Amino acid sequence: MEYELRVTRGDDWQRYRELRLRALRDPAAPVSFFEPIQEALDRSPDGWRQRAVSHLLRTTFVAERASDGTWVGMATALLTEGGHIHVVGVFLRPEQRGTGLATELLGAAIAWAGTREVRLDVHEDNERAARFYRRLGFRPTGRLIPDPRCPERRTIEMTLAEASADRAAVAEQGAAPRRSTRPA
Numbered sequence: 001m002e003y004e005l006r007v008t009r010g011d012d013w014q015r016y017r018e019l020r021l022r023a024l025r026d027p028a029a030p031v032s033f034f035e036p037i038q039e040a041l042d043r044s045p046d047g048w049r050q051r052a053v054s055h056l057l058r059t060t061f062v063a064e065r066a067s068d069g070t071w072v073g074m075a076t077a078l079l080t081e082g083g084h085i086h087v088v089g090v091f092l093r094p095e096q097r098g099t100g101l102a103t104e105l106l107g108a109a110i111a112w113a114g115t116r117e118v119r120l121d122v123h124e125d126n127e128r129a130a131r132f133y134r135r136l137g138f139r140p141t142g143r144l145i146p147d148p149r150c151p152e153r154r155t156i157e158m159t160l161a162e163a164s165a166d167r168a169a170v171a172e173q174g175a176a177p178r179r180s181t182r183p184a
């Protein structure tokens with residue numbers, strides 16, 4: 001099956017909303033996103049448009065199935081005040097997990113980052129995601145961040161070195177926009 005990796009636009013807001021709500025409801029990752037589902041449900045259409053628009057400080061990459069235009073995954077890269085890139089909102093529909101699309105989405109975010117340091121947070125309970133990020137070359141920084149909704153849960157900050165071979169390999173896989181052929 002073919003997928004296109006591309007950057008979101010403001011007119012994508014309804015599909016962005018649908019995939020984000022699916023991510024927030026995903027039973028495999030109940031603590032993976034800091035945003036409560038009710039907050040997302042209450043967001044106005046204009047608020048969703050603003051979140052869908054990619055710009056110099058925030059870019060969201062989606063994997064779109066070529067045959068029917070269905071969005072099957074996404075990842076957002078944020079340029080922080082400290083100058084590093086922070087990857088958030090990484091999500092794949094369950095049927096797409098293990099296909100390599102997550103690597104390509106992360107690769108697109110890393111390629112967008114250029115030479116900047118790339119960081120992300122993973123909940124300490126989400127071992128599957130932590131293993132995936134370690135396979136890509138991310139390493140824990142030692143910083144644990146309490147979940148604002150549930151302080152006894154924490155996220156682990158991870159970073160990908162600016163000049164690592166892992167980084168170059170992952171970035172090469174995600175040079176967006178492009179078509180990706182993955183098994184269905």
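The sequence shown finishes on residue 184 if you use the UniProt record's numbering, and the numbering steps up by one all the way, no holes. Beta carbons are placed, not taken as given, at the ideal position from N, Cα and C, and that holds for glycine. For clarity, every value in this text was computed on a predicted model and none was experimentally measured.
According to DSSP, residue pairing for Leu120 in a beta bridge involves Val87, Met158. Arg134 carries a helical assignment under DSSP once its states are collapsed to helix, strand and coil. A check of alpha carbon separations from Asn126 across Val90, Leu105, Tyr3 identifies Val90 as the nearest.
Excluding five sequence positions before and after Trp13, the CB atoms of its chain that fall closer than 8 angstroms to its own CB belong to Pro45, Trp48, Arg49, Arg51, Ala52, given in chain order. For Leu78, there is no enclosing alpha helix (DSSP H); the residue is part of the beta strand (DSSP E) that begins and ends at 71-79. Spatial neighbours of Arg143 in its own chain (CB-CB distance under 7 angstroms, excluding positions within 5 residues in sequence) are listed in chain order as Glu157.
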